[in-house]
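**Q** One structure, as structure tokens, below. Some questions next.
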Amino acid sequence: MQGGVGVWGPEGVKTERSNMSNRKTAKELLVDKGQLDDKVVAVRVGKSIVDLHTALDEATVVEPIRIGDPGALDVVRHSTAHVMADAVQRMFPGTKVTIGPCTEDGFYYDFDRPDGAFTDADLKKIEKGMREIVKANAPFRREVVTRAEAIDRFKGLGETYKVEIIEGIPEGEDISLYTHGVKGKEWTDLCAGPHVPSTGLLGAIKLTSVAGAYWRGDERNPMLQRIYGTAFPTQEELDEHLRMLEEAKKRDHRKLGKELDLFMFHEWAPAMPFFYPRGASVYNRMVDFLRGLYVGAGYEEVITPQIYDTRLYQTSGHLANYRENMYFGIPSDSLGEILGSYEEYQKKQGGKALGDKEREEFLTHEIMQARFAGAKPMNCPGHCLMFASRRRSYRDLPWRMADFGRLHRYERGGVVHGLARVRSFAQDDGHIFCMPEQVQEEISRFNKLLYRIYSAFEFKDVHIKLATRPEKRIGTDEMWDLAESALEKALIDAGLAYEITPGEGAFYGPKLEFHVRDALKRSWQLGTIQVDYSMPERFGLEYVGSDGAMHRPVMLHRAILGSVERFMGVYIEHCGGAFPLWIAPEQVILVTVSEKQTQYGQEALAYLRGRGIRAVADLSADKLGAKIRNARMMRYPYLGIIGDREAEGRLIAPRSREAGELEPMALESFADRILAEAVPGGTPPSNP
RNA sequence: GCUGGCGUAGCUCAAUCGGCAGAGCACCGGUUUUGUAAACCGGAUGUUAGGGGUUCAAGUCCCCUCGCCAGCUCCA
7 MQGGVGVWGP EGVKTERSNM SNRKTAKELL VDKGQLDDKV VAVRVGKSIV
57 DLHTALDEAT VVEPIRIGDP GALDVVRHST AHVMADAVQR MFPGTKVTIG
107 PCTEDGFYYD FDRPDGAFTD ADLKKIEKGM REIVKANAPF RREVVTRAEA
157 IDRFKGLGET YKVEIIEGIP EGEDISLYTH GVKGKEWTDL CAGPHVPSTG
207 LLGAIKLTSV AGAYWRGDER NPMLQRIYGT AFPTQEELDE HLRMLEEAKK
257 RDHRKLGKEL DLFMFHEWAP AMPFFYPRGA SVYNRMVDFL RGLYVGAGYE
307 EVITPQIYDT RLYQTSGHLA NYRENMYFGI PSDSLGEILG SYEEYQKKQG
357 GKALGDKERE EFLTHEIMQA RFAGAKPMNC PGHCLMFASR RRSYRDLPWR
407 MADFGRLHRY ERGGVVHGLA RVRSFAQDDG HIFCMPEQVQ EEISRFNKLL
457 YRIYSAFEFK DVHIKLATRP EKRIGTDEMW DLAESALEKA LIDAGLAYEI
507 TPGEGAFYGP KLEFHVRDAL KRSWQLGTIQ VDYSMPERFG LEYVGSDGAM
557 HRPVMLHRAI LGSVERFMGV YIEHCGGAFP LWIAPEQVIL VTVSEKQTQY
607 GQEALAYLRG RGIRAVADLS ADKLGAKIRN ARMMRYPYLG IIGDREAEGR
657 LIAPRSREAG ELEPMALESF ADRILAEAVP GGTPPSNP
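Per this note's numbering, the first sequence starts with residue 7, numbered consecutively.
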């Protein structure tokens, strides 16, 4: 009887009993209620999920979790990760195990393999080995052991990472081991569980990829080999998941950007997008849509410089907190000055060359001392200068300042990704300067505007995160208390559901993050609003209150699309490149059946354009089928087919991207229809 | 930045063991005058990312740099 708490049950499943007779296993509780069947993978107790072997008080309310129930998938995947590690260690002796959790889409397990990376062929082999283990339908057993026992056991196996994990488990917590496999082929892992009762409950398995990952996510630690996989109860569900991945690949905005002539990149401006006319058209329409809404929402747009004296960033705190991500432009005068002082310094040092590190320190210092220009990574400091430029009254507040200025941020090489993470971009940025008592009202107004905009782009699923103070920050704890509670209160007042993410706030203030799910159920962070008491203080911002005294305004940083570039990337994938009529670069392409209709084609094109419709025409000598195919691939919302019949009757035979062929109609009616349909639409998003 | 992989025509991709750089699409010229997802014939297309090395010979092997991809880390 190991650890003094358990006995082996009749089916080899370990049951646990305390000395007190009123304890039963979850399994026994289910049997008592007549709820045990072969689909049960675990039970829910309150908010947590535990496995069938867990000893519980007799009076505990347990709810069975069966295959297909929410929560079951995680248990299945986690158990599948164990089976994978088992297979891997069987096939690749000498490989050490570390951790293997489940993720949103599947699971992974990190290995330390002396022979280096796994190949795709290895994955196939491992999969096969896993299927055999599943087929054996062997039970998972849980046992609780003492710390010393656990350490002994894993030390004996040479599992140094496991030993490290055990040493990190706080005193008083159970140390549990899980073993699965048929006799003689058993495999044990340190794990908190829960796990399925038997490997036979594991369904369709697919190992998807292999990648490097640091031990404990720290880049100073050794790189491990991570194998990603996924598992579903049935092959059909796995196939559906794989089909979604394929669909995501097809919709990848980088691919569509190329195919649809939207944007490009060039290695001479890495991670900085170039928008072709079609892309620029969509981009500008997004921005113009916001500008239209800003009128009603009381925003005023400003235009601010691109490059500033470093003193600006000293004042704002960016130099101290954000320097690694900034570009420092050098006016040619300053370059001369720097080189001059470098030579002088060298002379003083007796002419000997400086070491790399010393030189870097010297030059960095000089750059910061000199009145160097840095490309702005954010608009807020510039806006503070505008606020401070003259005396402000409480009557002017709130002042809602909007700015679509370009920002430059030096992102580390490995993080840039298509339009989603770039080094040159614009935000639909805005800063609201207001009195402290106006903060709540402004947050509420912002929320309304945000939902209005998301619904126009047909993002229906929004979830909110409240990110609180990070370790590296400016401002006092009182300020942070105030700011965090203002955000939380606005959410509670609006009845919006949210999640708190501790330590994720900006260095100058806490923030709300608005995440949306796209058509493929992937989550993206778009909007944000941040409460900032620090920046106004650093810039000495003041306004005259109704009492005649000077007061400090609060600053709200806010964006709805976030980075316009990133939003465009997300939106391209959301709509699969099939832009709705209101935002499509071209709304109509006219297609002539033969060159006989060229003249009417040109007339119709001019007419549509005269009505303000974005139209193009394909008057080439291609056959109709080919022209339609080309137009379909470019995803024009409407095709206007023109043959002899249409040319004679001043008609258009429309073909809608969504609805297919339509009855021929008068050119004028066609134009009316397009104009009527070309409005931002959609139903308001839900907030579950 | 780290680990691994990749970089061949505008695009998608071939090129056996190190042995003549190729195909389709796009493009250009011609024929066809077409009714709802690809007409036909012909033509041009390259610093094989850049630099260096090994070799009689390098797209292919080695080194460096740049860029891209996946993941990690980061994401004010």
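Heads up, the beta-carbon is just placed ideally off N, CA and C, and yes, glycines get one too.
Is the distance from the Cβ of L196 to the Cβ of I172 below 9 Å?
**A** Yes. Within cutoff.
**Q** For E519, name the three-state secondary structure that DSSP assigns.
**A** DSSP places E519 in strand when its eight states are reduced to three.
**Q** Taking Cβ to Cβ, would you say P660 is nearer than 9 Å to G649?
**A** No, the pair does not count as a contact, with Cβ atoms beyond the cut-off.
**Q** Could you check which residue in K141, H88, L129, V140 has the C-alpha nearest to that of Y115?
**A** Y115 has its Cα closest to that of H88, out of K141, H88, L129, V140.
**Q** Using the Cα positions of L403 and E490, report the straight-line distance between them to the nearest angstrom.
**A** Going from the Cα of L403 to the Cα of E490 covers about 22 Å.
**Q** Restricting to Cα atoms, I'd like to know which of I578, P643, E448, P686 is closest to A665.
**A** Considering only alpha carbons, the answer is P643.
**Q** According to DSSP, is M374 part of a helix, a strand, or is it coil?
**A** It is helical.
**Q** Would you identify the three-state DSSP class for T507, choosing helix, strand or coil?
**A** Strand.
**Q** Could you pull out every unbroken beta strand (DSSP E) segment of at least 3 residues lying fully inside the stretch 528-554, listed in chain order?
**A** DSSP runs (the beta strand (DSSP E)) wholly in the stretch 528-554: 529-538.
**Q** Does the stretch 106-114 come close enough to the stretch 132-139 to have 3 or more Cβ pairs within less than 8 Å?
**A** As far as the Cβ criterion goes, the stretch 106-114 does not touch the stretch 132-139, which means the pair count is below three.
**Q** Compute the Euclidean distance between the alpha carbons of R406 and E306, then round it to the nearest angstrom.
**A** Each residue's Cα considered, the two are about 6 Å apart.
**Q** Label W530 either buried or exposed according to how many other C-beta atoms from any shown protein chain fall within 10 Å of its C-beta, with 16 as the threshold for buried.
**A** Classification of W530: buried, given that the 10 Å Cβ count is 16 or more.
**Q** Could you pull the start and end residues of the beta strand (DSSP E) that E252 belongs to?
**A** No beta strand (DSSP E) holds E252; the alpha helix (DSSP H) holding it covers 241-257.
**Q** Cβ of M384 within 9 Å of Cβ of P559?
**A** Going by C-beta atoms, M384 is not nearer than 9 Å to P559.
**Q** Can you tell me the Cα-Cα spacing of Q608 and A623, whole angstroms?
**A** Approximately 8 Å, taken between the alpha carbons.
**Q** So, using beta-carbon positions, are L596 and I658 closer together than 9 Å?
**A** Yes.
**Q** Report the start-end ranges of each alpha helix (DSSP H) in the stretch 300-363 that is 4 residues or longer and not cut off at the edges.
**A** Runs found: 316-322, 324-327, 338-354.
**Q** So which of R651, M332, V685, A682 has the shortest CA-CA distance to E669?
**A** With distances taken between Cα atoms, E669 lies closest to R651.
**Q** Here's the rule I'm using: 16 or more other beta-carbon atoms within 10 Å means buried, otherwise exposed. How should V421 be labelled?
**A** Result: exposed.
**Q** State buried or exposed for D294, treating a residue as buried only when at least 16 other CB atoms are found within 10 Å of its CB.
**A** Under this definition D294 is an exposed residue.
**Q** If you compare alpha carbons, which of A210, E548, M292 is closest to F410?
**A** Ranking the options by Cα distance to F410, first place goes to M292.
**Q** What would DSSP say about P660, mapped onto helix, strand or coil?
**A** Reduced to three states, the DSSP call for P660 is strand.
**Q** Could you name the residues of the same chain whose beta carbon sits closer than 7 Å to that of Q8, not counting the 5 residues immediately before and after it, in chain order?
**A** Because the pLDDT of Q8 is 28, which lies under 50, any placement of that residue in the model is unreliable, and the number read from its coordinates should be weighed accordingly. Closer than 7 Å at Cβ, skipping near neighbours: E149, V151.
**Q** Taking the DSSP output, what are the residues bridged to G436?
**A** Beta-bridge pairing links G436 to A408, R564.
**Q** Tell me which residues share the same chain as K478 and place their Cβ nearer than 7 Å to its Cβ, disregarding the 5 neighbours each side in the sequence.
**A** Taken in chain order, the residues that qualify are N327, F513.
**Q** Inspect the beta-carbon positions of R257 and G568 and report whether they are closer than 9 Å.
**A** Not in contact: R257 and G568 (Cβ atoms no closer than 9 Å).
**Q** Excluding the 5 residues flanking Q241 on each side, which residues of the same chain have their C-beta closer than 6 Å to its C-beta?
**A** Correct list, in chain order: A210.
**Q** Does the Cβ-Cβ distance between P200 and P145 come in under 9 Å?
**A** For P200 and P145, no; Cβs fall outside 9 Å.
**Q** DSSP puts Y416 in a beta bridge; with which residues?
**A** Bridge partners of Y416: none, in fact.
**Q** Return the chain-ordered list of same chain residues with a C-beta closer than 8 Å to the C-beta of F545, the five sequence neighbours on each side being excluded.
**A** If we look at F545 and ignore the five residues flanking it on each side, its Cβ neighbours are T321, S322, P387, C390, L391, F393, A394.
**Q** Quick check: M639 and E252, are their CB atoms within less than 9 Å of each other?
**A** In this structure, E252 does not lie closer than 9 Å to M639 by Cβ.
**Q** With contact counted as at least three CB pairs below 8 Å, one residue from each stretch, are the stretch 348-355 and the stretch 267-286 in contact?
**A** Output reads no: the stretch 267-286 does not touch the stretch 348-355.
**Q** With distances taken from CA atoms, which of T482, G515, D483, G509 is nearest L493?
**A** For the residues T482, G515, D483, G509, the minimum Cα distance to L493 belongs to G515.
**Q** Is V188 buried or exposed, if buried means 16 or more other CB atoms sit within 10 Å of its CB?
**A** Exposed, by the Cβ-count rule.
**Q** Should R284 and L425 be called a contact, given that it needs their Cβ atoms to be closer than 9 Å?
**A** Cβ atoms of R284 and L425: not closer than 9 Å.
**Q** What does the alpha-carbon distance come out to for the pair N331 and T316?
**A** Going by the C-alpha atoms only, they are around 14 Å apart.
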